[in-house]
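Residue numbers (our numbering), protein chains in the order written: chain A, 1 to 149; chain B, 1 to 473.
Here's the structure we're looking at; comments come further down.
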Amino acid sequence: MSLRRIITKQLGELLLDRGIISQAQLDQALNYQRVKGGLIGEVLVELGFAKEEDIAQSLTAQYGFPYLPLSNYDVNPEITNIVPSRVARQYLLVPIDKIGNNLTLAMSNPLNIQAIEDVELLSGCNVQTFVSTSSDIKKAIEKYYKDKE
Amino acid sequence: MSKKIDRFSLNSRPIGQKLVIAFQLMSILPLLISIYLVANYVLPHFGFKIDVLTIVAISVFVALIGFSVIKEIFDRLISVSKEAKMLAAGDVSHKFSVEQPDEVGDLGEVLNQLTQRIRGNMEELKVYSQKTTEINIEIQKRVVVLSNLMQISSLISQGSKFEDILRMAVEKSRSLANSETAFLLFKDDSKDIMYMRVADGLKAEHLMTVVVGAKEDIYNKALNLNKLLVLDRQNFISENLTVAFLEKFQLKNCLAMPIFLHGKVNAVLGIGNSREGFLYSRDDIELLDIFSKQIAIAIENDLLAHRVEKLEIKDTLTGLYNQSFIASRLGEEIKRAIIYQRPCSLVIFDIDKFKNYRQKFGLIAAESAIKKIATLVRDSVAEIDRVGRTGDDEFSIILPEKNKRQAQEVAEEIRKKVEFIYGEDADPDNRLTFSAGISENPLDGIDAEQLIAKARELLTKAKASGSNRIVVF
Numbered sequence: 001m002s003l004r005r006i007i008t009k010q011l012g013e014l015l016l017d018r019g020i021i022s023q024a025q026l027d028q029a030l031n032y033q034r035v036k037g038g039l040i041g042e043v044l045v046e047l048g049f050a051k052e053e054d055i056a057q058s059l060t061a062q063y064g065f066p067y068l069p070l071s072n073y074d075v076n077p078e079i080t081n082i083v084p085s086r087v088a089r090q091y092l093l094v095p096i097d098k099i100g101n102n103l104t105l106a107m108s109n110p111l112n113i114q115a116i117e118d119v120e121l122l123s124g125c126n127v128q129t130f131v132s133t134s135s136d137i138k139k140a141i142e143k144y145y146k147d148k149e
Numbered sequence: 001m002s003k004k005i006d007r008f009s010l011n012s013r014p015i016g017q018k019l020v021i022a023f024q025l026m027s028i029l030p031l032l033i034s035i036y037l038v039a040n041y042v043l044p045h046f047g048f049k050i051d052v053l054t055i056v057a058i059s060v061f062v063a064l065i066g067f068s069v070i071k072e073i074f075d076r077l078i079s080v081s082k083e084a085k086m087l088a089a090g091d092v093s094h095k096f097s098v099e100q101p102d103e104v105g106d107l108g109e110v111l112n113q114l115t116q117r118i119r120g121n122m123e124e125l126k127v128y129s130q131k132t133t134e135i136n137i138e139i140q141k142r143v144v145v146l147s148n149l150m151q152i153s154s155l156i157s158q159g160s161k162f163e164d165i166l167r168m169a170v171e172k173s174r175s176l177a178n179s180e181t182a183f184l185l186f187k188d189d190s191k192d193i194m195y196m197r198v199a200d201g202l203k204a205e206h207l208m209t210v211v212v213g214a215k216e217d218i219y220n221k222a223l224n225l226n227k228l229l230v231l232d233r234q235n236f237i238s239e240n241l242t243v244a245f246l247e248k249f250q251l252k253n254c255l256a257m258p259i260f261l262h263g264k265v266n267a268v269l270g271i272g273n274s275r276e277g278f279l280y281s282r283d284d285i286e287l288l289d290i291f292s293k294q295i296a297i298a299i300e301n302d303l304l305a306h307r308v309e310k311l312e313i314k315d316t317l318t319g320l321y322n323q324s325f326i327a328s329r330l331g332e333e334i335k336r337a338i339i340y341q342r343p344c345s346l347v348i349f350d351i352d353k354f355k356n357y358r359q360k361f362g363l364i365a366a367e368s369a370i371k372k373i374a375t376l377v378r379d380s381v382a383e384i385d386r387v388g389r390t391g392d393d394e395f396s397i398i399l400p401e402k403n404k405r406q407a408q409e410v411a412e413e414i415r416k417k418v419e420f421i422y423g424e425d426a427d428p429d430n431r432l433t434f435s436a437g438i439s440e441n442p443l444d445g446i447d448a449e450q451l452i453a454k455a456r457e458l459l460t461k462a463k464a465s466g467s468n469r470i471v472v473f
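The following block contains the structure:
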């Protein structure tokens, strides 16, 4: 619980600091989240205060995660087998490449350390993360996991 | 002295003797004296000379005639008195002889009338006593029925098994209207049928096979109604239906009472027999109604008990959550985790070789050990985590927001604590340790069932590989 609050606050503050959203918009989004639930990033997008790309680029700029426009990227379907569909869907991530013992993930929220740990646990690989927009990852999941679970 | 006097007393003598004495005193002696005086002193004056003996004979003869008249009266009195004695002794069939229309005859007549009246009264009494016997039998029957009802309600209040209560109620209903058979049909709303729950008496085996479907006329026009069904010499439903019903239940007469729950027919209590020309009484119907109400109470009670059971969320021994709460809460936590893209973990652990411990130290020591470990576990997790006792010596912990690695840390910490406190006793039998399996959403599944199954599987693995350990993968 506490962990999530820090992250949502961080993401909200991050966007605030970068002038993408206003304090009023953030407050409104937090109120909306309290009533209807959902992740703060998605709420901000839904309310039209920020674009997905803004969020991805802010994360890139702040934490140094590289940004990957997934729509232009072809994934080897065998690599997606490393992460089961239910894990990909729940954490909103897609494995895109594996070189040796290094697995590359595209995630909408690379701050979700627990998700990364889980993928490391089930793949036995070191995980490197790229940031992508939520909708790109959802599209990729629909594409690569269409026939699974 | 007084006895001697008593012997001369006239009081105790029968009337006959008294009569002789009275006759002697009042007629013979004075007569003889008068004759003697008249013969010796009066008649010689007038020149008559009569033989004394002749006079005596005539006098005695006249006196005897008088005596016989009196005696006849007294004899009749005596016989009336004897007959009255017989009457007093209880012989009411005797008839007094009324020979002459005098006072003694009147007395006999009066006694005759008395006898007749007594006879009439006795006959009346006999009729009353018969009626009383009948009433007594009725009362006895009612008492039996009441005591049957008492037995049923005491079973209900004792919280006996539902099946036992139903069986008892059906058995006891059979005592109504001297029925050969009693049965209880239950409605199964999910399948839209009525099935036999309990049957007792003749043909019980056949009755147990009876099922009435919702499309049958018997269901719609006989059983699933808001009123009583009476089938006997005078009461019937439409002819075809009556025949179909009695054939299905193999009966000739039947009384079936619907049992309502929340305004809907929930069951039907019936009694029946195969007697010809039988007729159910008002009493039978009223009593069957009371029995059906008792069963309604039992059903209601059972429903409430089940509802309470469902509402209960805590384990009574440890105060931890129970199995059903943990399962449903885990489901909720998983749903939340999926929405918020978070993990949620489940730890299931089981005390190692606890059967041996219980056998060696007994139930009370075992329960106290379970309580101690329960407290220790509850104190070792965060406020949002949920700890439950999900089996005899099995515990579960829901760890929202924690992935497998974090859950493993928590479980490992508890394992070490338990090992430190209870696992290092000098006596190996006295040591308590546990093994655990850990599953996680989304790694191991996306619902509570999958997570519980996986954690159990890993727990079994942990036990197999030597216990006092935690297996996560």
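We put the CB at the ideal spot given by N, CA and C, even for glycine.
Here the structure is a predicted model, which means the values were calculated and not measured.
Anything in chain A within Cβ reach of B:Ile-446, meaning under 7 Å, just list it in chain order.
For this step, residue 446 of chain B is matched to residue 446 along the second sequence. By Cβ distance, chain A contributes Arg-86.
What does a CB cutoff of less than 7 Å around A:Ala-56 pick up in its chain, not counting 5 residues either side in sequence?
By one-based count along the first sequence, residue 56 of chain A stands at place 56. Excluding residues within five positions, the ones whose Cβ falls inside 7 Å are Tyr-67, Val-131, Ser-132 and Thr-133.
Closer than 7 Å at the beta carbon, the chain A residues around B:Arg-329:
For the purposes of this step, residue 329 of chain B is taken as the residue at position 329 of the second sequence. The contacting residues do not exist; B:Arg-329 stays about 15 Å from chain A at best.
I'd like the list of long-range same chain contacts for B:Gln-408, defined as Cβ closer than 7 Å, with 5 residues on each side in sequence excluded.
Taking the second sequence and counting its residues from 1, the one referred to as residue 408 of chain B is at position 408. For B:Gln-408, where only same-chain residues beyond five positions count, the Cβ hits under 7 Å are Ile-438, Ile-470 and Val-472.
Is it buried or exposed for B:Leu-29, if we count other Cβ within 10 angstroms and need 16 for buried?
As a first step, residue 29 of chain B must be located in the second sequence, where it is residue number 29. Its Cβ having fewer than 16 others within 10 Å, B:Leu-29 is exposed.
At the level of alpha carbons, what is the spacing between B:Asp-513 and B:Phe-61?
Residue coverage of chain B in this structure runs from 1 to 473, which leaves residue 513 of chain B outside it and unanswerable.
With B:Ile-339 and B:Ile-373 assumed to form a contact (beta carbons below 8 Å), what rounded beta-carbon distance in angstroms separates them?
The residue given as residue 339 of chain B occupies position 339 in the second sequence. The residue given as residue 373 of chain B occupies position 373 in the second sequence. Wrong, their Cβ atoms sit about 34 Å apart, outside the cutoff.
Grab me the residues of B:Ser-274's own chain with a C-beta within less than 7 Å of its C-beta, minus the 5 sequence neighbours each way, in chain order.
In the second sequence, residue 274 of chain B corresponds to position 274, counting from 1. These residues qualify, in order along the chain: Glu-180, Leu-251 and Lys-252.
So, are the CB atoms of B:Gln-341 and B:Thr-390 less than 8 Å apart?
Your numbering for residue 341 of chain B matches position 341 in the second sequence. Your numbering for residue 390 of chain B matches position 390 in the second sequence. For B:Gln-341 and B:Thr-390, no; Cβs fall outside 8 Å.
For B:Ser-396, list the residues DSSP reports as bridge partners.
Counting from 1 along the second sequence, the entry for residue 396 of chain B is found at position 396. Answer is B:Ile-348 and B:Gly-388.
Just by C-beta distance, which residues in the stretch 98-125 of chain A are closer than 8 Å to chain B?
Asn-109, Asn-112, Gln-114, Ala-115, Glu-117, Asp-118, Leu-121 and Leu-122
I believe A:Thr-104 touches A:Ile-116 by the beta-carbon criterion, under 8 Å. Please report the beta-carbon distance rounded to the nearest angstrom.
In the first sequence, counting from the first residue as 1, residue 104 of chain A sits at position 104. In the first sequence, counting from the first residue as 1, residue 116 of chain A sits at position 116. Contact flag wrong, Cβ pair sits at about 12 Å.
Partner residues on chain B for A:Tyr-91, Cβ-Cβ distance less than 9 Å
Position 91 of the first sequence, counting from 1, holds the residue named residue 91 of chain A. Those within 9 Å of A:Tyr-91 in chain B are Gln-341, Arg-342, Pro-343 and Pro-442.
C-beta neighbour in chain A for B:Arg-469, strict 8 Å:
Taking the second sequence and counting its residues from 1, one reaches residue 469 of chain B at position 469. No, B:Arg-469 does not count as interfacial toward chain A.
Measuring CB atoms only, is the stretch 280-288 of chain B touching the stretch 184-204 of chain B, in the sense that at least three cross pairs come out at less than 8 Å?
no
Chain-ordered neighbours of B:Lys-404 on chain A, where CB pairs are closer than 7 Å:
Locating residue 404 of chain B in the second sequence gives position 404, counting from the first residue. Ordered by position in chain A, the residues that pass the 7 Å Cβ test against B:Lys-404 are Asp-118 and Leu-121.
Inspect the beta-carbon positions of B:Ile-237 and B:Leu-255 and report whether they are closer than 8 Å.
For the purposes of this step, residue 237 of chain B is taken as the residue at position 237 of the second sequence. For the purposes of this step, residue 255 of chain B is taken as the residue at position 255 of the second sequence. In this structure, B:Leu-255 does not lie closer than 8 Å to B:Ile-237 by Cβ.
Assess, as a yes-or-no matter, whether the stretch 355-365 of chain B is touched by the stretch 442-451 of chain B under the definition of 3 or more beta carbon pairs within less than 8 Å.
no
With a threshold of 16 other CB atoms inside 10 Å of the CB of B:Arg-233, please say whether the residue is buried or exposed.
If you number the second sequence from 1, residue 233 of chain B lands on position 233. Answer is exposed; the Cβ neighbour count stays below 16.
Straight-line gap, A:Asp-136 to B:Lys-355 (C-alpha atoms, nearest Å)
Taking the first residue of the first sequence as position 1, residue 136 of chain A is located at position 136. Taking the first residue of the second sequence as position 1, residue 355 of chain B is located at position 355. Between A:Asp-136 and B:Lys-355, the C-alpha separation is close to 55 Å.
So, using beta-carbon positions, are A:Ser-58 and A:Leu-15 closer together than 8 Å?
Indexing the first sequence from 1 puts residue 58 of chain A at position 58. Indexing the first sequence from 1 puts residue 15 of chain A at position 15. A contact, by the Cβ cut-off of 8 Å.
Residue nearest to A:Arg-152 in terms of C-alpha spacing, selected from B:Glu-457, B:Lys-141, B:Leu-443 and B:Glu-205:
Residue 152 of chain A is absent from the structure shown; chain A starts at 1 and stops at 149.
Going by DSSP in three states, A:Leu-16 sits in which element: helix, strand or coil?
Translated into positions along the first sequence, residue 16 of chain A becomes position 16. Correct three-state label for A:Leu-16: helix.
Suppose contacts are defined by Cβ-Cβ distances below 8 Å. Is B:Leu-346 in contact with B:Ala-455 by that definition?
Taking the first residue of the second sequence as position 1, residue 346 of chain B is located at position 346. Taking the first residue of the second sequence as position 1, residue 455 of chain B is located at position 455. Against a cut-off of 8 Å, the Cβ pair of B:Ala-455 and B:Leu-346 comes out as a contact.
Residue range of the unbroken beta strand (DSSP E) whose run includes B:Met-257:
Taking the first residue of the second sequence as 1, we reach residue 257 of chain B at position 257. Its beta strand (DSSP E) spans residues 253-261.
Cβ distance (whole Å) where B:Phe-434 is taken to contact B:Arg-415 below 8 Å:
For the purposes of this step, residue 434 of chain B is taken as the residue at position 434 of the second sequence. For the purposes of this step, residue 415 of chain B is taken as the residue at position 415 of the second sequence. Rounded, the Cβ-Cβ distance is 6 Å, consistent with contact.
Tell me whether the stretch 306-325 of chain B and the stretch 380-389 of chain B touch, counting them as touching only if at least three CB pairs, one residue from each stretch, are closer than 8 Å.
yes
Quick one: what does DSSP say B:Lys-314 is sitting in, helix, strand or coil?
As a first step, residue 314 of chain B must be located in the second sequence, where it is residue number 314. In the structure shown, B:Lys-314 sits in a strand (DSSP, three-state: E or B).
Please report the residue range of the alpha helix (DSSP H) in which B:Lys-71 lies.
Here the question's residue 71 of chain B lines up with position 71 in the second sequence. That run of the alpha helix (DSSP H) goes 52-88.
Exposed or buried, what is B:Met-257 when buried is set at 16 or more other beta-carbons lying within 10 Å of its beta-carbon?
Mapped onto the second sequence, residue 257 of chain B falls at position 257. Classification of B:Met-257: buried, given that the 10 Å Cβ count is 16 or more.
Using a threshold of 7 Å, is the CB atom of B:Asp-444 nearer than that to any non-hydrogen atom of the ligand SAM?
In terms of ligand content, the structure shown is empty, and the ligand SAM therefore cannot be addressed.
Measure the beta-carbon distance from B:Asn-235 to B:Val-265 and round it to whole angstroms, keeping in mind my assumption that it falls under 8 Å.
Start at 1 with the first residue of the second sequence, and residue 235 of chain B comes out as number 235. Start at 1 with the first residue of the second sequence, and residue 265 of chain B comes out as number 265. Contact doesn't hold; Cβ gap of about 20 Å is too wide.
Distance, Cα to Cα, A:Cys-125 vs B:Val-381?
Indexing the first sequence from 1 puts residue 125 of chain A at position 125. Indexing the second sequence from 1 puts residue 381 of chain B at position 381. Taking the straight line from one Cα to the other gives about 30 Å.
Contact list for the stretch 21-42 of chain A against chain B, Cβ threshold 7 Å
Gly-37 and Leu-39
Which residue wins for smallest C-alpha separation from B:Met-26, given the options B:Ala-84, B:Glu-276, B:Gly-66 and B:Ser-281?
Counting from one through the second sequence, the residue named residue 26 of chain B turns up at place 26. Checked all of B:Ala-84, B:Glu-276, B:Gly-66 and B:Ser-281; the closest Cα to B:Met-26 is B:Gly-66.
If you measure between the beta carbons of B:Ala-337 and B:Pro-400, is that distance less than 8 Å?
For the purposes of this step, residue 337 of chain B is taken as residue 337 along the second sequence, with counting starting at 1. For the purposes of this step, residue 400 of chain B is taken as residue 400 along the second sequence, with counting starting at 1. Contact flag set, yes.
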